[in-house]
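Protein chains in written order, with the working numbering: chain A, 431 to 1006; chain B, 44 to 420. Think of the CB as a built atom: it goes at the ideal place given N, C-alpha and C, for glycine as much as any other residue. So the structure is just underneath, and the comments pick up after that.
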Amino acid sequence: MGSPAALDTVLPVRRTERLSGAGRAAVIVGVTGLVAYLTLVPLGFLIYGSFFTPGVGEQPGIFTVSNYLHAYTDRSSLPVLKNSVVFAAGTAATAFCLGTGLAWITERTDTPLSGLHSALSLVPLIVPGILFSLSWIFLFSPRIGLINLAVRRAFGLTDPLFNVYSLAGMVWVEGLHWSPLAFLLMTAAFRSMDPALEESALMSGASPRATFFRITLKLAMPTTLSVMLLLFLRGIETFEVPAIIGLPVGIHVFTSKIYLAVKGYPSDLGLAGAYSTLLLAMSLLGIFIHARVTGGANRFATVTGRGAVPRRIALGRWRYLTAAVLVGYLGLAVVLPLLVLVWYSLLPYYLQPSVRALDLLTVDSYRAVLTLPAVRRAAANTLLLALASATAVMLLTAVVAWITVRTRPRGRWLVDQMASLPVIFPGVVMGVALSWAYLRLPVPIYGTLWILLLAYVTRYLPYGVRASSSALLRIHTDLEGAAQMSGASWLQLFWRILFPLMRSGLVAGWIYVVVVSVRELSSSLLLWSPGNEVLSVVMFDLWQSGHPQEVAALGVLLAVVLTGAALVFRRVAPGG
Amino acid sequence: MLDVHDLVKTFHSGSARITPCDHITFSVPRGGFFTLLGPSGSGKTTTLRCVAGLERPDAGEIRLDGVPLYSAARRIHVPAHRRGIGMVFQSYGLWPHMTVLQHVEFPLTVGGSRLPRREVQDRALEALAAVRLEGLEGRPAVSLSGGQQQRLALARALVRRPKLLLLDEPLSNLDAKLREHMRIELRQLQRSSGITMLYVTHDQVEALVLSDAIAIIHEGRIVQAGTPRAIYERPQTAFVADFIGSTNLFPGTVLRAGPQARCSVQTAGGVLDCVAASPVQPGCSVNVSVRPEDVTIVDRRATVPQWDGVLEEAVFLGGSVDCRVRVGPLVVRVAARPSVPLALGSQIGLEFNSDRAVALPIQPEDAGRESQRAGQA
């Protein structure tokens, strides 16, 4: 045993160690405060704004319910509600049926090409919604849609085969776009189900049919409900398809109505706020039901047998049919949209595919796009915003996750709830809320890139929380204990032990936030200002001002870059 | 009763080929308790699942009471739900959306059996009573304790009164005390119901306690089958000797081969008289397997012991003392009676029960493993 003096020479007391208690408290308070500011301020101003007239100069706003009266007693409101619900429900049903069918084929049958499908099927999640919508317009617009024209020419029809400018068209495009999400969630559900549950029914004498109806279907019910609700919420809050396909033909849903209220002349933020609160309430209700359903699902937690690998059904000759379904789906969801985009990007002006058109193909659109000053500015802004928001989100949520997972002060759930709150904010609503807040608050960021950064960070906090929490939950508490017993201060513990161990999870979350930030359109469209454009806004503008070839060229470039980022994501994502 | 003949099952994963059943053949008589015993990955569970009908074999034949359930030659494959076989799964496979009573009623209300409501209930309650779960009928199955879940899985498998019950490591998820208790209960249930059972486990003690007959599976093949006693006392290979119970394995060379499989073997520690597991010639390489309880520590002053050694380690286990005695390059494990006085580092004498020392001829494929073992000793 050494003397205390000898111990001191071995383990010199560092300054950080003495400060560790204070440092830890400062970080916790700071992060909590920041999260509260980010999430509560927009919510507060949104509700406040919907009840007050805009103040002019020094004159404060006056309390009023006229926004709500206007929003909900107007005769045009009922169709909007109906459209929104039909659109969201249709989207959910389409995406769910596609995703579940595909998940069953790839997980539970011996269909060939399953691996290829799993790899490529995620592309629609990466391709920005605006591009996906444009692709389907290029394919099925009654006037210029390539397939409509080809079918009309081949069969001498007078009417288009399918008009994408309709509620059905919107549902199809949005549903197809979200089908990979349903596929991912249902794949996970199929994987986590203990095969012994179905096999014990077979061994009890139940036929495969009876087993499916009395066991499989019942067990899948909570998951099914939860996935459907999630998809429904996506459909409620989505903006791209309603704006690009719905607006031109007057099919309005809440998100496009909000956009119109803000961008109309005169801009009516109060009315937008009144629509937004209803949208918020619907999201909240959805989340609430979702929590109830999945909470009940814990009772249904399907115990996974050790090393149990679900049996794959041998389909025999039918497996060629299921393989054809996979290929057909990939064709519709991935290949066709991308091909038509590439085709358009190479055209000098609108042309139908023909031998003559092949001679006229040109890369002029690419050249034009790359030399546009607005595009260059937007690319730089987008990159900056994506990197900054991803970094900020992951740093913040790593600490939030630690607070909620590893500490025990009362009210820690509040931090988690606050960080998850933005889930209920559709992008346009976030745009409206932040506009209100920073037109009022004495923080001069309205009309700068900062407000966009704020919007992105706030919106993507929930994704970050999920990634960070799951990364942290995989780290045994003993690893932290061992670091503390080795004399590490809290900051050292975080920096030298937790961060490195959480790295793969954090990096996966970071890349995800980068990708969704680049895709972001709905908030940006309400918050951008000249000089502070982002790529999605530029594409929207180019489309609105009638430059489809340039949009396509820009879209192809963006899709390539994002797919590259996603490939990296697959490498680093745990278990991905 | 159950006849499995030349069963082959191969899995392809990528370019790799795994053959969990490599020409498996065995029979279980009516009312018998037959155990497939082997380390994990040996193919015992796949064999069981082929009998259940949950896997389709590639070749061979499975017959129950002479009726083919599977026959590669006659292209017969009866689906699992029409075989009338009960099964208890390792993870129990209890349905989270059903109560205890609904579990045992389920097998009576599906498939061909359309019993009157009254009888379904009577038989369900009877099955629950047989596993002492009465009073818990309305509880969700997943709220039961581990032992109760296990018994419920058993009741569900038995309620249809199947001819054959398959059990796939049913006790492996229970704690040690409960497992011991359930073993006895399972044995009693088998005796009272007379049902034929095919059991899969990697736990050799479980296999010894429960079974009428055991087949040891190693890398997809049955390496030895017989009664628990025969397998324990007369292992045919070093793998079996080592896998069942604990044993000393001494590599050596046969000096003399006498009548009735008697032989003398020269080992690194001295000469041992043994019984050969299969015919041997002088000069053969063998492993001698001697169980620790078949070695006795003797007083060197009273008799001239077979081997002399130094006591290196003695661990008190309650009923016996686990000793390690160094004899030249070998270490001999001895299960000594606690009453024998022992001092670490002292010279002691060892006697071997020559009726229970088994000489196991080294097969070429064992050679690598055995030389490794000799190196350790």
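Distance from the CA of Ala820 (chain A) to the CA of Trp940 (chain A), rounded to the nearest whole angstrom, comes to 5 Å.
Within chain A, the residues whose beta carbon sits less than 8 Å from that of Arg203 (chain B) are Ser634 and Gly635, listed in sequence order.
When CB distances to chain A are screened at a threshold of 9 Å, the residues of the region 128-140 of chain B falling below it are Ile128, Gly129, Met130, Val131, Phe132, Gln133, Ser134, Tyr135, Gly136, Leu137, Trp138, Pro139 and His140, in chain order.
One thing to note: Gly529 (chain A) has its Cβ no nearer than 8 Å to the Cβ of Glu670 (chain A). Counting along the chain, the unbroken beta strand (DSSP E) around Cys306 (chain B) starts and ends at Arg305 to Thr310. A distance below 8 Å between beta-carbons, with the five flanking residues on each side excluded, links Val603 (chain A) to the following residues of its chain, in chain order: Phe562, Ser563, Trp566, Val594, Val671 and Ile675. Residues of chain B whose Cβ lies closer than 7 Å to the Cβ of Asp624 (chain A) are, in chain order, Ser134 and Gly136.
For the region 638-655 of chain A, the residues whose beta carbon sits under 7 Å from a beta carbon of chain B are, in order, Ala640, Ile645, Lys648 and Leu649. At a cut-off of 8 Å between C-beta atoms, His124 (chain B) counts as an interface residue with respect to chain A.
Within the same chain, and ignoring the five residues on either side of Leu992 (chain A) in sequence, the residues whose Cβ sits closer than 8 Å to its Cβ are Ile556, Val557, Pro558, Val945, Val948 and Arg949.
Residues of chain A with a Cβ closer than 7 Å to the Cβ of Pro150 (chain B) are, in chain order, Ser634 and Gly635. With contacts defined as CB atoms closer than 8 Å, Arg454 (chain A) and Trp843 (chain A) fail to qualify as a contacting pair. For Lys52 (chain B), the three-state secondary structure derived from DSSP is strand. The beta carbon of Pro348 (chain B) sits closer than 7 Å to those of Val341, Gly392, Leu393 and Glu394, all from its chain and outside the five residues before and after it, given in chain order. Between the region 803-823 of chain A and the region 961-968 of chain A, the count of Cβ pairs shorter than 8 Å is three or higher; the stretches touch.
For Ala95 (chain B), the neighbours in chain A by C-beta distance under 9 Å run, in chain order, Glu629, Leu632 and Met633.
Per DSSP, reduced to three states, the secondary structure at Gly531 (chain A) is helical. Interface flag for Gly392 (chain B) against chain A is unset, since no Cβ pair is found closer than 8 Å.
In this structure, the CA atom of Tyr478 (chain A) is about 29 Å from the CA atom of Ile681 (chain A). The beta strand (DSSP E) runs lying completely inside the region 251-326 of chain B and spanning 3 residues or more are 256-261, 264-269, 291-300, 305-310 and 313-319, given in chain order. If you draw a straight line from the Cα of Gly694 (chain A) to the Cα of Val862 (chain A), it is about 13 Å long. For Phe568 (chain A), the secondary structure class from DSSP, reduced to helix, strand or coil, is helix.
Residue environment analysis places Lys87 (chain B) among the buried positions, since at least 16 neighbouring C-beta atoms fall within 10 angstroms of its C-beta. Across the set B:Phe132, B:Ala319, B:Arg125 and B:Val368, the C-alpha of B:Val368 shows the shortest separation from the C-alpha of Val338 (chain B). In the assembly as shown, Pro72 (chain B) is an exposed residue. Its beta-carbon has fewer than 16 other beta-carbons within 10 Å.
Taking a cut-off of 8 Å for Cβ pairs, the region 632-640 of chain A and the region 698-712 of chain A do not touch, as fewer than three such pairs fall below it. At a cut-off of 4 residues, the continuous stretches assigned as alpha helix (DSSP H) that sit fully inside the region 835-862 of chain A are 842-850. The Cβ of Val248 (chain B) sits no closer than 8 Å to any Cβ of chain A. Annotation: Trp602 (chain A) is outside any beta strand (DSSP E); the continuous alpha helix (DSSP H) that includes it extends over Leu597 to Ser622.
At a cut-off of 8 Å, the C-beta of Val153 (chain B) has a neighbouring C-beta in chain A. Linking Ala744 (chain A) to Phe132 (chain B) through their CA atoms gives a straight-line distance of about 23 Å. In the pairwise beta carbon analysis, the region 134-146 of chain B is classified as touching the region 644-657 of chain A: at least three pairs are separated by under 8 Å. Burial state of Trp958 (chain A) is buried, judged by a 10 Å Cβ sphere holding 16 or more other Cβ atoms. Along the region 750-807 of chain A, the alpha helix (DSSP H) occurs as fully enclosed runs of 4 or more residues at 766-775, 785-790 and 794-801, listed in sequence order. Shown here, Trp138 (chain B) sits in coil according to DSSP, grouped into three states, outside any helix or strand. Under the 8 Å criterion on CB atoms, Arg199 (chain B) is classed as interfacial with respect to chain A.
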